[in-house]
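One line per chain: the protein sequences are C and U, in this order. When we follow my numbering, the leftmost residue of the first sequence carries the number 606, and every step to the right adds one. When we follow my numbering, the leftmost residue of the second sequence carries the number 32, and every step to the right adds one. Taking it in order: structure first as structure tokens, then the write-up.
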Amino acid sequence: MSYLNIKGKTVEMNDEGFLVEFDQWSPEVAESLAAQEEIPELTDEHLRVLQTIRDYYREFQVAPMVHLLVKECGITFRDLHNLFHKQPGKRAARLAGLPETTGCV
Amino acid sequence: MSTIATPIKLSEIENTPLRDLLGQDTCWQADLNYCMSCGKCLSVCPLHGYSEWDPRRVVKMVMLGLEEEVINADFIYQCTTCERCSYVCPMGVKIGNMITRARSLRDRDQVPGGSQKTADLHRSTGNNMQISTEDWLDTVDWMKEEVQDDYPDLDFPIDLKGADYFVTINSKLPQYYPMDLQCIYKVFHAAGVSWTMPSTWWEGTNYAMFSGDLDTWEYTLRQQVKRVEELGIKRIAYTECGHGYYATLAGYERFGIEPNFEVVHKANLYAQWLREGRIEVDPSRNPQRVTLHDPCNAGRKAIMGGYPDILDDSRYVLERVCENFVEMWPNREYNYCCSGGGGALISGFKKARNYYGKMKVDQIDRTGADLVCTPCVNCHDAIEDIGKEYERPWKPIHLWGLLANALVLD
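Here it is as structure tokens:
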């Protein structure tokens with residue numbers, strides 16, 4: 606277990622770096638997590654993708670396929686890979702504040 | 032007389048659901064009484080030293096009726112079920128079976144991390160990621176169109192009755208890495224065999240085996256068998272996975288399933304096609320130094336189960352498609368776990384994974400390799416994780432990646 610201090614609020618993360626509470630996410634939390642993933646800056650494009658992942662998870666309780674994500678966000682598959690350093694699965698899920706992943710990720 | 036310790040009468044211990052379950056297992060090696068306490072198991076266990084827990088301790092605790100503590104211990108889910116312990120046990124005690132049985136006695140909502148949720152999704156949707164049939168087929172077609180830009184003759188049907196191969200895929204591919212599907216298309220196209228992508232029950236994993244949900248393990252196997260038999264196909268080309276392959280063959284045996292088809296791991300198929308001359312390759316396209324990580328489930332555990340393993344064939348493929356293949360040591364059935372097996376990849380015990388992952392890191396470092404070939408998706412991710420954790424430059428790659436890259440296709 607570890608903790609982030611974001612604007613005076615304590616945000617809990619599990620050992621794998623996933624948020625324990627989905628609703629504790631904010632763009633500031635994402636920025637802090639991105640720094641740990643060596644993404645120097647979160648652009649509007651990053652945030653748009655993360656918000657899309659969150660909206661999908663809120664409705665379906667799983668992360669969206671990249672096929673749906675690129676369509677929804679109007680970006681290419683290569684863009685998505687570049688944004689998240691070739692890990693559009695686990696890295697993006699972590700930054701989007703999803704509490705877990707399923708399957709071999 | 033002062034009593035320092037009270038003897039435990041084993042025959043009088045009550046309430047032993049785990050020991051009772053093991054008593055029902057038909058193989059004699061499930062019987063923990065054979066344990067001689069020699070300690071060989073803990074000497075080879077990658078988790079040994081991380082905490083006060085080790086395989087010998089767990090066996091003894093179960094023997095002495097201390098089951099509840101075992102069933103609730105983090106150890107049983109930190110364990111990657113690599114079964115190096117069972118392999119070296121002089122009495123052949125099936126410690127991995129005991130871990131699986133212990134897991135099955137946990138309440139489902141007490142299973143740590145994501146493996147039970149994954150099993151539930153597999154059961155309800157046919158795959159781990161809740162991908163609908165429509166989205167799956169959209170992705171299959173999307174990648175087919177991309178690869179047809181370069182290979183216009185490449186085509187394959189969905190649900191073709193009587194095809195030679197029912198191809199299974201790890202759902203991670205359509206979900207996050209659909210480009211990898213193109214590698215598989217090219218390899219099967221090059222081999223000139225009749226193959227099909229199933230529209231349903233194409234998932235080549237079994238997280239229910241990891242979570243200890245035996246009912247879902249059996250259910251998902253039976254659904255896939257039904258689909259293959261409905262299509263009249265005689266071979267499953269099992270995706271590059273260790274545990275999915277093992278869970279399938281061990282599950283058929285455990286649950287008394289007798290399909291009318293064969294299950295073949297893709298590594299064995301690639302080797303067969305290379306030997307038959309069906310596929311032509313140019314190893315100069317893979318000039319990097321490549322080492323091989325032998326997955327526990329498709330190596331050591333396959334051998335213990337009496338199923339075909341992929342040890343010789345993985346090497347044969349690499350020798351044909353790479354210019355600079357080097358072995359890691361130990362290897363084959365003595366290899367160390369990737370650090371993510373048994374569900375440990377998503378069980379939340381990162382510190383434990385990093386602890387025993389260091390052994391894997393050292394093994395890879397000693398080879399000087401740029402790439403670690405992992406004929407298993409789970410191993411691929413675990414090795415990627417520990418590579419990142421220990422800031423190593425080497426990267427994992429699937430066998431399909433190296434093979435597709437070396438293909439000489441007209």
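Idealized CB from N, CA, C, for every residue including glycine.
Requested in this report: Verify the CB distance criterion: does CYS678(C) have a CB-CB separation below 8 Å to chain B?
Outcome: Among the chains of the structure shown, chain B does not appear; the protein chains present are C and U.
Requested in this report: Return the first residue and the last residue of the alpha helix (DSSP H) that ARG320(U) is part of.
Outcome: Taken as a continuous stretch (DSSP letters only), ARG320(U) belongs to no alpha helix (DSSP H), being part of the beta strand (DSSP E) at 320 to 323.
Requested in this report: Mind listing the chain U neighbours of LEU673(C)? Cutoff is C-beta to C-beta under 8 Å, in chain order.
Outcome: ASP166
Requested in this report: Return the bridge partner residues of VAL295(U) from the DSSP annotation.
Outcome: ALA268(U)
Requested in this report: Name, in chain order, the residues that DSSP records as bridge partners for ASN355(U).
Outcome: ARG320(U)
**Report entry** Element boundaries [beta strand (DSSP E), containing TYR196(U)]
**Finding:** 196 to 198
Query raised in the report: Hey, out of HIS220(U), LYS426(U), GLU284(U) and LEU342(U), whose CA is closest to GLY336(U)'s CA?
Result: GLU284(U)
**Report entry** When ILE189(U), ASN328(U) and ASN299(U) are compared against ILE264(U), the one with the closest alpha-carbon
**Finding:** ILE189(U)
Query raised in the report: Is it right to say VAL439(U) is buried, meaning 16 or more other beta carbons lie within 10 angstroms of its own, or is it exposed?
Result: exposed
Query raised in the report: Under a Cβ-count criterion, where at least 16 other Cβ atoms within 10 Å of its own Cβ denotes burial, should PHE356(U) be classed as buried or exposed?
Result: buried
Requested in this report: Using three-state DSSP, classify TYR608(C) as helix, strand or coil.
Outcome: strand
Query raised in the report: Using a C-beta cutoff of 8 Å, does ASN687(C) count as contacting chain U?
Result: no
Report task. Examine chain U for any beta-carbon lying closer than 8 Å to the beta-carbon of VAL710(C), and answer yes or no. Result -> yes
**Report entry** Simplified DSSP assignment, three categories, for ILE428(U)
**Finding:** strand
Report task. Taking only beta-carbon positions, decide if PRO693(C) is within less than 8 Å of chain U. Result -> yes
Requested in this report: Could you tell me if LEU376(U) is buried or exposed, where buried requires 16 or more neighbouring beta carbons within 10 angstroms of its beta carbon?
Outcome: buried
**Report entry** Same chain only: Cβ atoms within 8 Å of LEU262(U), ignoring 5 sequence neighbours per side
**Finding:** ASP190, LEU191, LYS192, GLY193, ALA194, PHE197, THR227 and PRO229
Requested in this report: Kindly say whether THR170(U), judged by its beta-carbon, lies nearer than 8 Å to any beta-carbon of chain C.
Outcome: yes
Query raised in the report: Straight-line CA distance for GLY15(U) to SER242(U)?
Result: The shown model of chain U, from 32 to 441, leaves out residue 15(U), and the question about it has no answer.
Query raised in the report: Do you know how far the Cα of ARG139(U) is from the Cα of ARG351(U)?
Result: 45 Å
Query raised in the report: Mind checking if GLU705(C) is an interface residue toward chain U, Cβ cutoff 8 Å exclusive?
Result: yes
Report task. Please determine, among LEU652(C), SER637(C), GLU621(C) and VAL616(C), the residue with the shortest C-alpha to C-alpha distance to GLY627(C). Result -> Rather than Gly, the amino acid found at residue 627(C) in this sequence is Phe. Nearest option by C-alpha distance: VAL616(C).
Query raised in the report: Which whole-angstrom value describes the C-beta separation of ILE267(U) and VAL224(U), a residue pair presumed to lie in contact below a C-beta threshold of 8 Å?
Result: Not a contact, Cβ separation roughly 13 Å.
Query raised in the report: Of all the residues that make up the region 199 to 211 of chain U, which are near chain C by a beta-carbon distance shorter than 7 Å?
Result: ASN201, SER202, LYS203, PRO205, GLN206, TYR207 and PRO209
**Report entry** CB contact below 8 Å: ASP620(C) versus chain U
**Finding:** yes
Query raised in the report: Under 9 Å Cβ-Cβ, which residues of chain U neighbour PHE665(C)?
Result: GLN161
Query raised in the report: Residues in its own chain within less than 6 Å of MET174(U) by CB, not counting five upstream and five downstream?
Result: PRO209, LEU212 and GLN213
**Report entry** Straight-line gap, THR111(U) to TYR81(U) (C-alpha atoms, nearest Å)
**Finding:** 13 Å
**Report entry** contact_flag[the region 421 to 433 of chain U, the region 396 to 411 of chain U] where n(CB pairs < 8 Å) is 3 or more
**Finding:** yes
Requested in this report: Check distances from the C-beta atoms of the region 372 to 393 of chain U to those of chain C and list, in chain order, the residues that come in under 7 Å.
Outcome: LEU376, ILE377, GLY379, PHE380, LYS381 and LYS382
Requested in this report: Would you decide whether GLU646(C) is buried or exposed? Buried here means 16 or more other CB atoms lie within 10 Å of its CB.
Outcome: exposed
Report task. Have a look at the DSSP bridge pairing and note the partners of CYS404(U). Result -> LEU323(U) and ILE428(U)
Query raised in the report: Is the CB of LEU252(U) under 8 Å away from at least one CB in chain C?
Result: no
Query - Element boundaries [alpha helix (DSSP H), containing LYS695(C)] - result: 695 to 700
Report task. Count the CB pairs spanning the region 666 to 685 of chain C and the region 161 to 170 of chain U that are closer than 8 Å, and state whether there are at least three. Result -> yes
**Report entry** Segment contact, 8 Å Cβ cut-off, at least three pairs: the region 241 to 255 of chain U with the region 124 to 135 of chain U
**Finding:** yes
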